[in-house]
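Participant: To convert, note that position 176 of the sequence shown is 306 in the numbering used here; the numbers rise steadily by one, no gaps. Beta carbons are placed, not taken as given, at the ideal position from N, Cα and C, and that holds for glycine.
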Amino acid sequence: MESLTRASMKMCPFVKSRSTQALRKMSEASTLSQHAKACPFMGAAMAVREYSHSSKPAAASSAPAGTPPTRIPAGYSFSGSDLVANTMELVDKATKEQAFDYDGFLSSEIEKKRNDKSYRYFNNINRLAEEFPRAHLSSEGEKVTVWCANDYLGMGTHEKTIQAMKNTLDRYGAGAGGTRNIAGHNRHAIALEAELSHLHKHEAALVFSSCFVANDAVLSLLGQKMKDLVIFSDELNHASMIQGIRNSRARKEVFRHNNLADLEDRLSKYPRNTPKLIAFESVYSMCGSIAPIEKICDLADKYGAMTFLDEVHAVGMYGPHGAGVAEHLNFEEHLKAGLDKIRPDSVMNRIDMVTGTLGKAYGVVGGYVTGKQTLIDWIRSFAPGFIFTTSLPPAVMSGATASIRHQRSTLMDRIAQQKNTRYVKNNFGNIGIPVIPNPSHIVPVLVGNAADAKKASDLLLNKHNIYVQAINFPTVPIGQERLRITPTPGHGPEIADELIGAVDSVFGELNLKRTNDWESVGGLCGVGELDAPAVEHIWTDEQLSLRDSDLNPNVFDPQIAPNAVSSGVPL
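#1: Whose C-alpha, out of Asn557, Tyr302, Asn389, Met436, is nearest the C-alpha of leucine 366?
#2: Using only the alpha-carbon positions, how far apart do proline 523 and valine 636 sit?
#3: Which residues in the same chain have their Cβ closer than 7 Å to the Cβ of glycine 698, if we skip the five residues on either side of it in sequence?
#4: Under 7 Å Cβ to Cβ from lysine 425, same chain only, skipping five residues before and after it: list those, please.
#5: Identify the residues that DSSP records as bridge partners of alanine 335: which are they?
#6: Please classify arginine 612 as buried or exposed, where buried requires at least 16 other C-beta atoms within 10 Å of its C-beta.
#7: Is threonine 487 helix, strand or coil when you go by DSSP?
#8: In this structure, how does DSSP classify methionine 416 when only helix, strand and coil are distinguished?
#9: Measure the CB-CB distance between threonine 485 and leucine 439 and report whether it falls below 9 Å.
#10: For histidine 464, name the three-state secondary structure that DSSP assigns.
#11: Out of Ser237, Phe262, Ser238, point me to the one whose CA is closest to glycine 620's CA.
#12: My understanding is that histidine 464 touches histidine 451, with C-beta atoms under 8 Å, so please give their C-beta distance in whole angstroms.
#13: In this structure, what does DSSP give as the bridge partners for phenylalanine 438?
#14: Nearest-angstrom Cα distance between threonine 605 and cysteine 169?
#15: Since aspartate 431 is in the alpha helix (DSSP H), which residue starts that stretch and which ends it?
#16: Is it a yes or a no for the segment 498-518 touching the segment 404-422, going by three-plus beta-carbon pairs under 8 Å?
#17: CB tyrosine 492 to CB alanine 335, shorter than 9 Å?
#18: Considering Cα atoms alone, identify which of Ala525, Leu299, Phe516 is closest to phenylalanine 342.
#19: So, is the C-beta of asparagine 311 closer than 9 Å to a C-beta in chain D?
#20: Can you give, in chain order, each stretch of the alpha helix (DSSP H) that sits fully within the segment 535-581 and has at least 4 residues?
#21: Going by alpha carbons, who is nearest to aspartate 588 out of Ile563, Ala632, Asp475?
#22: Taking Cβ to Cβ, would you say isoleucine 615 is nearer than 9 Å to valine 575?
#23: Cα separation between leucine 674 and alanine 532?
#24: Identify the residues that DSSP records as bridge partners of lysine 382: which are they?
#25: Specify, as a first and last residue, the run of the beta strand (DSSP E) that lysine 273 falls within.
#26: Ignoring anything shorter than 3 residues, give me the beta strand (DSSP E) runs that lie fully in the segment 241-303, in order along the chain.
#27: Apply the 10 Å Cβ neighbour rule to threonine 521 and answer buried if 16 or more other Cβ atoms are within range, or exposed otherwise.
#28: Can you tell me whether leucine 322 is helix, strand or coil according to DSSP?
#29: Find the nearest neighbour of valine 731 within the set Tyr251, Lys399, Arg544, judged by alpha-carbon distance.
#30: Which of the three DSSP states, helix, strand or coil, is assigned to isoleucine 375?
#31: Count the other C-beta atoms from every protein chain shown that fall within 10 angstroms of the C-beta of phenylalanine 362, then say buried if there are 16 or more, exposed otherwise.
#32: Would you tell me roughly how many angstroms separate the C-alpha atoms of isoleucine 690 and glycine 314, rounded to the nearest one?
#33: Output the distance between the C-alpha atoms of threonine 618 and arginine 381, rounded to the nearest integer angstrom.
#34: Does the beta-carbon of tyrosine 282 have 16 or more other beta-carbons within 10 angstroms, so that it is buried, or is it exposed?
#35: Sorted by chain position, which residues of the same chain lie with C-beta nearer than 8 Å to lysine 555's C-beta, five sequence neighbours on each side aside?
#36: Taking methionine 295 as the reference, give the member of Tyr448, Gly468, Val494 with the closest Cα.
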């Protein structure tokens, strides 16, 4: 009855027209409910409510037998539709409470995305295995050149990757059969994890369905299980890391991007015996910046912290064997050693855990974490994101293994990719196209407006048959929208010239800001900033002159022993 009363106070003209005192007297005289029954709306609801409850014996009456019941004038001149303004379908007849407008909420949220120009449109892009980096749109006759894929080395269409997947698919079928916990695992998982641990020169590795899942699972588990852990997170960390830190429920400290002074200031607030974790990326994919890994390791040593390094956009791309930026920082030593480990204080050895992906430079799908055997065994034993997720299909793991082995034994793809990146960046610079300066393989072209970025992307696709996706909020801050271009070994000078001419044309047609325009307003994101420091490529000219013959022979078709963690460490 209370819920009916609350509804009446808001909606009923009879109730609203009477004072609280008058309503109280009616209630005391037991006439209020009779007035309510006369209401076309409330009466129907009360009837339903009475019908839905067990009947009670009627109370004895003191009125003489045969006395007619007292008639209460209805006092209403309203119909049910007048009372509820045609909203009957949203009102529970038993309680008079409106149901939540789910569809209205969802429509409102989508409308907000449309209004702020961050609503996302997905283009129908079908990559052609035999024509990389070409693709077709919805019609096979509509060919375009893809300039924004994360298949940085074209391994998704490489013959070794495809053949390994075909062979495994024919013999072992499409799926893994379930989680490892239920269906067991297989030789493909064992081989892949062995390759990954040896790639990063760590004791063990564990494969997940994606690196988003890996980051979320590892970070959330650390915070939930390690009492009083404090996680120090770079402000530009990927959404998967942010989600994992949020799910960890651990205390967090967000430090300014690549700012060592800010990181140290935050670390110094906590006693050395407080458990700490510094979580950061090697290559930040939307701006192309690279973390000062070695100096972050110095701070971790000084303040007793563990290090969590996401090498998602670096594996396959850096180092003599494609292990990432941590390997690249000791390039010459790793080049000479090949599969063998180098000194304990090398950067790779100082990192406690590395996460990476199989879905970018390695061209397949999946994620992983590497580290010491005890750490990986602990994650394998406790992380729900690993335990309760169906394993990657055998064919996918086989293709990833083939891709890793190929990239370990060649420098040519990485070198070609870097040279093509330099070609595009240099030529964009010559015509004032505003590339956000960085030392990596990413070519972020600043636009600064979501609507303009979308127009530029559409114009490149529809007029020039070039696919470059616009990047907007929340991937990048509002006002820093951009086109993100990623050359591959297949994007040589000939088709690069097509891109450069097309982007130049689009900037002119849409009157987009060029570098000198940004300079006139003080600059943004390093573009047009007069005091911005010069950026040097992480790949040196000397490294770009290397050949595969410079690699250690032990990297060619090596026999790699499985690590114990894959199946569980025996006592």
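Facilitator: From the atom records:
#1: Your numbering for residue 366 matches position 236 in the sequence shown. Leucine 366 has its Cα closest to that of Asn389, out of Asn557, Tyr302, Asn389, Met436.
#2: Against the sequence shown, residue 523 aligns to sequence position 393. Against the sequence shown, residue 636 aligns to sequence position 506. When rounded, the distance between both Cα atoms is 43 Å.
#3: For the purposes of this step, residue 698 is taken as the residue at position 568 of the sequence shown. Within the same chain, glycine 698 has no close Cβ partners at all.
#4: Residue numbering aside, residue 425 sits at position 295 when the sequence shown is read from its first letter. Result list for lysine 425: Leu390, in chain order.
#5: For the purposes of this step, residue 335 is taken as residue 205 along the sequence shown, with counting starting at 1. Thr500.
#6: Taking the sequence shown and counting its residues from 1, one reaches residue 612 at position 482. Buried, by the Cβ-count rule.
#7: Locating residue 487 in the sequence shown gives position 357, where the first residue counts as 1. Threonine 487: strand per DSSP, three-state reduction.
#8: In the sequence shown, residue 416 corresponds to position 286, counting from 1. Correct three-state label for methionine 416: coil.
#9: Position 355 of the sequence shown, counted from the first residue, corresponds to residue 485. Position 309 of the sequence shown, counted from the first residue, corresponds to residue 439. Going by C-beta atoms, threonine 485 is nearer than 9 Å to leucine 439.
#10: Here residue 464 is taken as the residue at index 334 of the sequence shown, counted from 1. Correct three-state label for histidine 464: helix.
#11: Within the sequence shown, numbered from 1, the residue matching residue 620 stands at position 490. For glycine 620, the nearest C-alpha among the options comes from Phe262.
#12: Counting from one through the sequence shown, the residue named residue 464 turns up at place 334. Counting from one through the sequence shown, the residue named residue 451 turns up at place 321. Contact holds; Cβ gap of about 7 Å.
#13: Sequence index remark: in the sequence shown, residue 438 carries index 308 (1-based). Phenylalanine 438 pairs with Ala409, Met483.
#14: Start at 1 with the first residue of the sequence shown, and residue 605 comes out as number 475. Start at 1 with the first residue of the sequence shown, and residue 169 comes out as number 39. Going by the C-alpha atoms only, they are around 55 Å apart.
#15: For the purposes of this step, residue 431 is identified with residue 301 of the sequence shown, where counting begins at 1. Element bounds for aspartate 431: 423-433.
#16: no
#17: Locating residue 492 in the sequence shown gives position 362, where the first residue counts as 1. Locating residue 335 in the sequence shown gives position 205, where the first residue counts as 1. The answer is no: Cβ separation not under 9 Å.
#18: As a position in the sequence shown, residue 342 is number 212, starting the count at 1. The residue with the shortest Cα to Cα distance from phenylalanine 342 is Phe516.
#19: Absent from the structure: chain D. Only one protein chain is present.
#20: 542-560
#21: As a first step, residue 588 is located in the sequence shown; it is residue number 458 there, counting from the start. Per the Cα distances, Ala632.
#22: If you number the sequence shown from 1, residue 615 lands on position 485. If you number the sequence shown from 1, residue 575 lands on position 445. Yes. Within cutoff.
#23: In the sequence shown, residue 674 corresponds to position 544, counting from 1. In the sequence shown, residue 532 corresponds to position 402, counting from 1. If I take the Cα positions, the gap works out to 24 Å.
#24: Here residue 382 corresponds to residue number 252 of the sequence shown, with the count starting at 1. Bridge partners of lysine 382: Ile361.
#25: The residue given as residue 273 occupies position 143 in the sequence shown. Its beta strand (DSSP E) spans residues 273-276.
#26: 264-266, 273-276
#27: As a first step, residue 521 must be located in the sequence shown, where it is residue number 391. Per the sequence shown, residue 521 should be read as serine rather than threonine. Serine 521 should be labelled buried.
#28: For the purposes of this step, residue 322 is taken as the residue at position 192 of the sequence shown. Leucine 322: helix per DSSP, three-state reduction.
#29: In the structure as shown, the chain begins at 131 and stops at 701. Residue 731 is therefore absent and cannot be evaluated.
#30: In the sequence shown, counting from the first residue as 1, residue 375 sits at position 245. Of the three classes helix, strand and coil, the one that applies to isoleucine 375 here is helix, per DSSP.
#31: Position 232 of the sequence shown holds residue 362. By the 10 Å Cβ count, phenylalanine 362 comes out buried.
#32: If you number the sequence shown from 1, residue 690 lands on position 560. If you number the sequence shown from 1, residue 314 lands on position 184. Near 22 Å, if we compare the C-alpha coordinates of glycine 314 and isoleucine 690.
#33: Within the sequence shown, numbered from 1, the residue matching residue 618 stands at position 488. Within the sequence shown, numbered from 1, the residue matching residue 381 stands at position 251. Cα to Cα, the separation comes out at about 40 Å.
#34: Start at 1 with the first residue of the sequence shown, and residue 282 comes out as number 152. Result: buried.
#35: Taking the first residue of the sequence shown as 1, we reach residue 555 at position 425. Cβ neighbours of lysine 555 beyond the five flanking positions: Val565, Val573.
#36: In the sequence shown, residue 295 corresponds to position 165, counting from 1. Methionine 295 has its Cα closest to that of Val494, out of Tyr448, Gly468, Val494.
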